[in-house]
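Read the structure below first, then the notes.
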Amino acid sequence: MIKRTITKLLLFILLGIPIWFACSQETNAIPPRFTLMESQHTGVLFSNNVEDTKEHNILRYANFYGGAGVGIGDFNNDGLQDLYFAGNQVSDKLYLNRGNLKFEDVTQTSGILDDGGWSTGVTIADINNDGYQDIYVSRELYDDNPKWRTNLLYLNKGDGTFIESAQKLGIANNQRTRHSTFLDYDKDGLLDLFLLTQPPNPGSLSSFKGTELLQPEYSLKLYKNLDGSFQDITQSTGLDLVGFPNGVSASDVNNDGWTDLYIANDFYAPDFLFINNQDGTFTNTIDTAFNHISYFSMGVDIADINNDSLLDIFVLDMVPEDNFRLKSNMSGMDRNSFWKVLEDGGHYQYMYNTLQLNNGNATFSDVAQLTGMAATDWSWSNLVADFDNDGLKDVYVTNGLLKDIRNTDGDKKVAEYINKTRLNWIQKNPDGGNLKSVFDIINLEEALAPIPSQPLRNYAFKNQGNLKFQKTMEEWGLNEVSFSNGAAYADLDNDGDLDIVVNNINEEAFVYRNNSEKISNANYIRLELKEKNNKPVFGARVTLHLEGEVQVIETTNVRGIYSTSEPFVHFGLGAAKKTDSIEIVWPNNTKSVERNLAANKTYQIHMDEGLSFARTIQKRNTVFDETTNTFALKHRHVENEFDDYEQQVLLPHKLSQFGPALAIADVNNDGLEDIYIGGATGLSGAIYLQNKNGGYDLSNQQLLQSEAPYEDVDALFTDINNDGHKDLFVVSGGNEYPVNDPHYLDRLYLNDGNGNFSKAAIINAYRISGSKVIAEDYDNDGDIDIFVGGRHLPHQYPKPTASTILQNNDGQLVNVTDSIAPDLLNIGMVTDGIWSDYDLDGDTDLILAGEWMPITIFNNQDGRLTKTENPDLADTSGWWFSIAKGDFDNDGDEDFISGNLGLNYKYKTTAEKPFDVYYNDFDGNEKYDIVLGYYNDDKHFPLRGFSCSSEQVPALKNKIQKYDKFASLELESVYGSKNLENALHYKAKTFESSYIENLGEGRFKISPLPRMAQFSNINDMLVDDFNNDGHLDVLSIGNLFVSEVETPRNDAGTGLLLLGNGKGNFTPKNNLESGFFAKGDAKKIKMHTHQKQKKILVANNNDVLQFFSVREKTN
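All letters in the sequence shown, in the order written, are residues 179 to 1293 by this note's numbering.
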């Protein structure tokens, strides 16, 4: 830190600028949000110095560079927050805050031990209710010395000294503890202790390497506080699971008033979400609460990130955002390994941060990709708090690893050196030479030299509202590169903003002063929650009401990783001078309400002054009610197993799982609507006839069983032969069969009027894997014609395929595409279409959506359909999944809603920097290869890494050889400019789901749908006036569960109601407001009448058929 000061001084002298003048200029200017304080000022000289030694090193312990934490608490009750730093190979340090961000090292006089142990986590709490903050230190590593990994408890004596008492109180655990948290899980007024106990953490040369690590003896631990001692009660609570825990948060995630536990587990072990059962036990709900989770889960913080009064869960992983580090340090996820983890109960895990948005019904949706916070490199601690006092919670993330131990080339060189050294030793010493350890013969410095070491910048994200976040390291003055681990926040100088303290490896700790008090619109209010007998107040839920908006903070013990932040409740108020009200729901089931509190003050509020209240669940007047569990019809779609990637390694997603089909009609003319739901390949579809008792009877089973080899992806009931009976048309799709296989023929089943069907011929039908069927009398001859969208050419993604016009000639469907609509031949990968007279010329036109396609119009001119180039749609090329129509602005013409990939996917695009795909035989082996491209900064790179790219194009192994080299090459350098020029090439210019307003005269205006509609892709929609206000609304479903394994599934969609205002604007209503919740891989949505009541049906791939009642009247 002295070096920083000297550098500034020399700079001023060299420039000839008086120091007093420079300081004067800085004083008058608006400062950055944060200032890194010099250690010469703060007195904080702590540096967590780590050095590989023969006895202890990264080859013995995989977490050797994992760093340590910092704890913040007022240890001497003087109103100033003090600091405790954990050290790995250095001693822990305790600093007392003397004011003005000056600290005094009191370690030696305070009773803090230096016994050589490896300290990692710091947990600060008053565990004995005496009014003084105690310190619990988690320790680990050191396989051969349990004493050095035994946890320590420093009881605060209240006189500036501490006494180590872990053994005395029964919590001197030596199992290797990463961190801990105190919580009152049973509401008895005493803080209990939960430990993140670890299995051994073996490096590549550890004796534990290759052994089974997830053993019961290494399970998590819960110690109950018996008011003077602690008792291990883990076995009776349901918490005795084993993982590789890094972080923990104790928070009430399901709003029942009881503290739950989220545990972030490293490696293949899944995270745990333990819901408090209110009876002394917990239930792990990770599989039902989340559609996917992080893989290398690191730190975790829980907070209401979007001010909807629900606590969200932010978990860090370690994937870089820049192309070089991503491709050189992360070898990628092997398909077999991914599915092995899932089969072993590890859930769907991806190497990305997850920001799990709370749906309010015990489920969560990951929106990390949407927020831009999915990739923050090798991250450790995440802190979610309002750092700029604007009323929105921001995010700070620590980053960096002393050596990039996952650098693929470096790892290979280390292994080569060790193996060569071993071989040389054996050759010289055939009898073994009394070698006790490989570390006796290797030069550790030489062995580790090939591993790169790159300090990284920590991340800061400013919350802009509406789940938009902006990286603000530069603007906020957080530019230092480092190897940072544990971090905590507190108002260290009592000026009303949150300062940040960071524990670094091999560098002095960072103490950042927050300068918000010098910046406008940064008012605040702070609460110190107390109880007269010093009972714990962790779990207090505080809600601030201000000008129609709410903020919620729940008090908890630890945040991020290894660390404890201040215990205060801190709200930013922006420009507001006072609050409307603050409501505190205390852990003892009482409530306090404070009104009109003035800004820029700290208030002390006591739990014992709260008033009793009855906790109630608000009953909402929703539009829909799910009735799946009670509905008369029970049906589950079952998907067949097929590996699309055996044919095309670099396929971005499977093409074999786009069913089931769903169609509704009264097929037996009894006045009751019946249901057809399609089957996957090898499994028959089903026709359910509704009976007068409200039940359903299977019909036509023999016929449909004979058709089981087909994959049913869409279906339609319509009267083809004009006999007054609804016939059934089924689209055949999937990817299981080769090109031109007869199982891709679409099927027509004629109805005899009693609901009995027989198969009929389609003349000149294409054998194409299809997607969509829509019916219309496009030629105005009085009968129904058919359009069928062609989805793809099997095993030749992304080559275009044809779509089909089937003309109805006196009840016989005939393929007339060549003559009527030749532009449909090789039109692309169509996913949906609608018939619409968009230009009001009296005939019905065709509008298509598709993958790698723009929204495409076929103009109907006297029964011929001609592709029309429209400049307003020229830049709409995307991954469109659906399109629907309606006069949403009440101007007399039809507008459109089109469902795209959404903005919450790994793939990003703009018109200027498009996501793209090339298809060519790049290595001359007569097999065509997929190459996906993306922009990182301003450079165009292959999307996929060296391992899977060379699996698809083996010639790359000899051409490039090294991961680092591949990581540095742009797409042209890898595949050759001529090969790319000659390739089939598509660009996606937008992934936003959009409202396409018809302006008339062939003009359109495209606007993105609300941000909630971008959580996932939209597969299907219903357009209706659901709230009976006279304006058209949209009910959408979606998700894409079949992404390749390096890309997180698009699974954040839960169905969305968009209420229209009749002017082309839409207001999203979440599941709590609408009553509609469809979180599966939802493919089709239809309206159905059952016993004269409207029902919504949702057909999910490989899941149940869902039913929702529609309320006739809503407010």
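By construction, the Cβ of each residue, glycine as well, lies at the ideal position given by its N, Cα and C atoms.
Would you list, in sequence order, the uninterrupted beta strand (DSSP E) runs of no fewer than 3 residues that lie entirely inside the region 1163-1212? 1172-1178, 1181-1186 and 1196-1202
F565 versus N672 - alpha carbon distance: 14 Å
Beta-carbon proximity list for Q648, same chain, < 7 Å, skipping 5 on both sides: F639, K640 and Q642
Cβ separation of I855 and L1283, assumed to be a contact under 8 Å, to the nearest whole Å: 6 Å
Runs of beta strand (DSSP E) lying entirely within the region 208-289, each at least 3 residues, in chain order: 212-214, 248-251, 260-263, 271-275 and 281-283
In chain order, what residues of the same chain lie with their CB nearer than 8 Å to the CB of F445, ignoring the 5 residues before and after it? F422, Y473 and F474
Can you pull the DSSP bridge partners for E1013? First, the residue type needs correcting, since residue 1013 is Trp and not Glu in the sequence shown. W1013 is bridged to L1024.
For V908, tell me which candidate among V951, Y944 and I1035 has the shortest Cα-Cα distance. V951
Once DSSP output is grouped into helix, strand and coil, what is the label at P1049? helix
Residue of L533, T549, S1214 and H921 minimising C-alpha distance to A442: L533
Do N958 and D1071 have their CB atoms nearer than 8 Å? no
Would you grab the beta carbon distance between N577 and L634 for me? Rounded to a whole angstrom, and I think it's under 8 Å. 5 Å
Here's the rule: buried if 16 or more other CB atoms are within 10 angstroms of the residue's CB, otherwise exposed. What is P608? exposed
What do you reckon, are the CB atoms on A893 and L882 nearer than 8 Å? no
I want to check one thing, is the minimum distance from the CB of G1006 to the heavy atoms of the ligand ZN below 7 Å? This structure lacks the ligand ZN; in fact it carries no ligand of any kind.
Could you check what DSSP says for F125 in three-state terms: helix, strand or coil? Because the chain here runs from 179 to 1293, residue 125 falls outside it and cannot be looked at.
Which runs of the beta strand (DSSP E), 3 residues or longer, sit entirely within the region 345-394? 355-361 and 370-375
Is it buried or exposed, W1058, if we count other Cβ atoms within 10 angstroms and call 16 or more buried? buried
What did DSSP end up calling E1150 once you bin it into helix, strand or coil? Here E1150 sits in helix by DSSP.
6 Å CB neighbourhood of I1184 in its chain, flanking five on each side removed: S1172 and I1174
Rounded Cβ spacing between K371 and S358 (contact assumed at less than 8 Å): Checking the displayed sequence, the identity of residue 371 turns out to be Leu instead of Lys. In this structure, L371 and S358 form a Cβ contact; the two beta carbons are roughly 6 Å apart against a cut-off of 8 Å.
Comparing alpha-carbon positions, which option in N1082, N1136, Y1141 and F1244 lies nearest N1228? N1082
In terms of residue numbering, what span does the alpha helix (DSSP H) encompassing L1158 cover? S1155 to E1159
Which residues in the same chain have their Cβ closer than 8 Å to the Cβ of D490, if we skip the five residues on either side of it in sequence? I480, A481, D482, I483, N484, L533, Q534, L535, N536 and F542
Leaving out the 5 sequence neighbours to the left and right, which residues in its chain are closer than 7 Å to N986 when beta-carbon positions are compared? I898, D961, I962 and D963
From this set, G1056, V966, M1007 and D1065, which residue's C-alpha is nearest S1014's C-alpha? D1065
Does the region 782-799 touch the region 1259-1275, meaning 3 or more C-beta pairs lie closer than 8 Å? no
Alpha carbon to alpha carbon, how far is S506 from N1136? Give it in angstroms, no decimals. C-alpha separation (whole angstroms): 17 Å.
Can you tell me the Cβ-Cβ gap for N699 and A776, rounded? I've got them flagged as a contact below 8 Å. Their Cβ separation, rounded to whole angstroms, is 16 Å, which puts N699 and A776 out of contact at 8 Å.
Here's the rule: buried if 16 or more other CB atoms are within 10 angstroms of the residue's CB, otherwise exposed. What is G1006? So G1006 counts as buried.
Identify the residues that DSSP records as bridge partners of K937: which are they? Y927
What residue range is occupied by the uninterrupted beta strand (DSSP E) comprising M651? Not the beta strand (DSSP E): M651 falls in the alpha helix (DSSP H), residues M651 to W654.
The region 342-362 touching the region 718-733, judged by at least three CB pairs closer than 8 Å: Judged by Cβ distances under 8 Å, the region 342-362 makes no contact with the region 718-733, as fewer than three pairs qualify.
If L1121 sits next to L1110, beta carbons under 8 Å apart, how far is it from one beta carbon to the other, in whole angstroms? With 8 Å as the limit, L1121 and L1110 qualify as a contact, their Cβ atoms being about 4 Å apart.
For the alpha helix (DSSP H) that R600 lies in, which residues bound it at each end? T586 to K606
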